[in-house]
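Heads up, the thing below is written out as structure tokens.
Numbering (this note's numbering), first residue to last: -14 to 240.
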């Protein structure tokens, strides 16, 4: 028989234990809780947070279109119910300050399929930004797109389906282009970061090359999660975006 310390505990185990502990000894309530990236939490995780603000208040922040966990919440009403705050006020924010107009307009084609009823974000920036959709024949053209964007000031991210990262890494190395992994600081010599799509959430770059959108979708267990992962990847650019593809685009982007 394994001891408690020897057992491997998962995040799912943790919230069950937290719920059980609360039945034995009530959890202390805080005055106010701020919960970010809330779209990815499970009902049990919401309950765990709710126990920490039973007599206090909460601010819940998130984007339903970016929910990429299998248990991502379907609506804020559902999330607030699990949090124990069913009477909460929901405010939908529709003004975008980070992503330029041309980029967010293209990404918003996915919204009816990933978050029906969600109002598309309108960029308040005067500069529409740079957006290009480029059919390609081989990976060398992805490298060329990176070189093009590196001609601008600032950082560049190459975002791709996780399974395609090794091939792209090899192509960049063969072309003599140095690159970073997510989380590494850019330098004057190295301003390109190669990003697996699964790690793109929360990151931003001045310019982005997005490789093979359909491969990003196919890398997830179901289409809705894949399209949400693609939406995240499409909205990482602050100034400009180039989408490269040899395979057909997801039909949702053609609508």
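A virtual CB, placed ideally from N, CA and C, is assigned to each residue, including glycine.
Residue pairing for residue 116: DSSP places it in a beta bridge opposite 226. Annotation for residue 141: the continuous beta strand (DSSP E) segment containing it runs 141 to 145. Closest by C-alpha distance to residue 32, out of 100, 43, 69, 56, is 69. Residue -8 carries a coil assignment under DSSP once its states are collapsed to helix, strand and coil. The residue from 145, 209, 147 with its alpha-carbon nearest to that of residue 96 is 209.
The DSSP-derived three-state label of residue 98 is helix. Of the candidates 215, 229, 187, the residue whose Cα lies closest to the Cα of residue 21 is 187. Of 93, 37, 43, 87, the smallest CA-CA separation from residue 51 is found for 93.
Look at residue 81 here: in three-state DSSP terms it is strand. The continuous beta strand (DSSP E) containing residue 191 extends over residues 190 to 196.
DSSP places residue 183 in the helix class (H, G or I) of the three-state scheme. DSSP places residue 17 in the uninterrupted beta strand (DSSP E) bounded by 17 to 20.
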